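S.K.: Below are the structure tokens for one structure; questions will follow.
Residue numbers (the working numbering): 1160 to 1334.
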């Protein structure tokens, strides 16, 4: 099946989805955060077809999300582990866990709890916060142009801020 590419859009969400938007991708990353490193472990835990897993692992390596490394206990066999780029997806996984726990857990009973290892205290909810720590929703955040903004980006920002906040976006500087 043909999958639309978003690389032509000047949007960080679209570009991120081009890399991690296919569901097997985040499930493979999840398995890595659970200590799995071997092809057979991924295949067994996910129930994914071997050919599909092979393609997904190669893509994650190409994208710099995973790296291959030699397994000491198995000659001529490689394992897979997260790179720094891959580890940076952990807050995304936690946000999905917390969202799923809130909205999709049968009878409101999540299957796991996340607690800090050293203290045993529950992990804080992933949240967008102001610099003073106040929780923010999308209604509290104004978009402004970044250094990669294009003319189209300015239009998107203006439209979004008018619709959500009832105000106009910053105008491009002319000086």
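Backbone N, C-alpha and C define an ideal beta-carbon position, used for all residues, glycine too. In this text the structure is predicted, and so the values were computed from the model without any measurement.
Around the C-beta of residue 1325, are 16 or more other C-beta atoms found within 10 angstroms, so that it is buried, or is it exposed?
M.R.: The sequence position of residue 1325 within the chain shown is 166, counting from 1. Exposed, by the Cβ-count rule.
S.K.: Going by DSSP, what residue range makes up the alpha helix (DSSP H) through residue 1322?
M.R.: Taking the first residue of the chain shown as position 1, residue 1322 is located at position 163. Element bounds for residue 1322: 1310-1324.
S.K.: Would you tell me roughly how many angstroms separate the C-alpha atoms of residue 1216 and residue 1208, rounded to the nearest one?
M.R.: Counting from 1 along the chain shown, the entry for residue 1216 is found at position 57. Counting from 1 along the chain shown, the entry for residue 1208 is found at position 49. So the two alpha carbons sit approximately 12 angstroms from each other.
S.K.: For residue 1297, which beta-bridge partners are listed by DSSP?
M.R.: Along the chain shown, one-based indexing puts residue 1297 at 138. Paired residue(s): none; residue 1297 is not in a bridge.
S.K.: Which parts of the segment 1212-1242 are runs of the beta strand (DSSP E), unbroken and 3 residues or longer, counting only runs that do not cross its ends?
M.R.: 1225-1229 and 1237-1241
S.K.: Kindly give me the distance between the Cβ atoms of residue 1371 and residue 1195, rounded to whole angstroms, as I take these residues to be in contact under 8 angstroms.
M.R.: Here the chain covers residues 1160 to 1334 and nothing more, so residue 1371 does not appear.
S.K.: Under 8 angstroms: do the segment 1226-1240 and the segment 1278-1287 share three or more Cβ pairs, one atom per stretch?
M.R.: no
S.K.: From 1310, 1303, 1308 and 1307, pick the residue whose C-alpha is nearest to that of residue 1319; which is it?
M.R.: Counting from one through the chain shown, the residue named residue 1319 turns up at place 160. Comparing Cα-Cα distances from residue 1319 to each of 1310, 1303, 1308 and 1307, the minimum goes to 1303.
S.K.: Ignore the nearest five residues each way along the sequence and tell me which others in residue 1238's own chain have a CB closer than 6 angstroms to its CB.
M.R.: For this step, residue 1238 is matched to residue 79 along the chain shown. Only 1196, 1197, 1228 and 1230 meet the Cβ criterion.
S.K.: Taking C-beta to C-beta, are residue 1342 and residue 1323 nearer than 8 angstroms?
M.R.: Here the chain comprises residues numbered 1160 to 1334, so residue 1342 is not present and cannot be evaluated.
S.K.: Which residues share a DSSP beta bridge with residue 1288?
M.R.: Taking the first residue of the chain shown as position 1, residue 1288 is located at position 129. For residue 1288, which the question treats as bridged, DSSP gives the partners 1294.
S.K.: Can you have a look at residue 1206 and say buried or exposed, based on whether 16 or more other CB atoms are within 10 angstroms of its CB?
M.R.: Sequence index remark: in the chain shown, residue 1206 carries index 47 (1-based). Looking at its Cβ environment, which holds fewer than 16 other Cβ atoms inside 10 Å, residue 1206 is exposed.
S.K.: Could you pull the start and end residues of the alpha helix (DSSP H) that residue 1261 belongs to?
M.R.: Translated into the one-based positions of the chain shown, residue 1261 becomes position 102. Residues 1249-1263.
S.K.: Quick check on the burial criterion: 16 or more other C-beta atoms within 10 angstroms. Buried or exposed for residue 1236?
M.R.: Reading the chain shown from its first residue, position 77 is the one you call residue 1236. Burial call: exposed.
S.K.: Check for me: the alpha helix (DSSP H) holding residue 1274 runs from which residue to which?
M.R.: Sequence index remark: in the chain shown, residue 1274 carries index 115 (1-based). From DSSP, residue 1274 is part of no alpha helix (DSSP H); its letter is neither H nor E.
S.K.: In chain order, what are the residue ranges of uninterrupted alpha helix (DSSP H) at least 4 long that sit wholly in the segment 1165-1212?
M.R.: 1171-1179, 1182-1192 and 1198-1205
S.K.: Does the Cβ of residue 1184 have 16 or more other Cβ atoms within 10 Å, making it buried, or fewer, making it exposed?
M.R.: Against the chain shown, residue 1184 aligns to sequence position 25. Buried.
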